[in-house]
Amino acid sequence: YLMERKKVGSSRWTKLNFDVYESTTYEARKMIEGVLYEMRVFAVNGIGISQPSTSSKPFMPIGDQWVQANEEPVGKNQYRVKDLPGGEKMLFRVFAVNVAGRSPPATLSQAVTIREIVGERLPFSKQASKNAWSSF
């Protein structure tokens, strides 16, 4: 296979390999975290090179720096992460924990844009905070 990727919105494809790659899995490198990309693949055989595949669904690379939002397990299917930077895009992931141990992470397919939400009206003031709700 030969593989290419591009940033969403761009028309310029970048080659990811110059030698034929024989495996059906590939780990793309040198991407910018927080940028959406698309990939496409060409099949190669003794006759030649195929037309490109349909572009992949847009995806965003994630780094290895995760910040744990809670210390204690949550018994509900919702959790509010407080004091996040407004306007930023963030990815969230969830682990299940039980007597058998900790599951692999379930990660959202796309980043969440943190927005300011206005809470309940309190006497003589409005309570506003930057939060993210995650339902799973």
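Add 15 to a position in the sequence shown, counting from 1, and you land on the number used in this note's numbering.
Note that beta-carbon positions come from the ideal geometry of N, C-alpha and C, so glycine has one too.
Query	Result
Glu87 in three-state terms, based on DSSP	coil
Close Cβ partners of Ile129 (< 7 Å) along its chain, the five nearest in sequence each way excluded	Leu99, Pro100, Gly101, Gly102, Glu103, Met105, Lys145 and Ala147
Backbone secondary structure at Ile132 - three-state DSSP	strand
Coarse secondary structure for Glu19, derived from DSSP in three states	strand
Buried versus exposed, by CB contacts within 10 Å (16 or more), Tyr41	exposed
Where the beta strand (DSSP E) containing Tyr36 begins and where it ends	Neither: Tyr36 is in no beta strand (DSSP E) and is coded neither H nor E.
CA-to-CA distance, Val96 to Phe107, given in whole angstroms	10 Å
Residue ranges of each beta strand (DSSP E) within the region 40-127, 3 or longer	52-57 and 93-97
Spatial neighbours of Pro138 in its chain, beta-carbon cut-off 8 Å, leaving aside the 5 residues before and after	Note that Pro138 scores 47 on pLDDT, short of 50, meaning its location in the model is unreliable and no value can be drawn from it.
Euclidean distance between Cα positions of Leu17 and Ala43	12 Å
Cβ separation of Lys22 and Tyr52, assumed to be a contact under 8 Å, to the nearest whole Å	6 Å
C-beta contact flag for Val59 and Val82 at 8 Å	no
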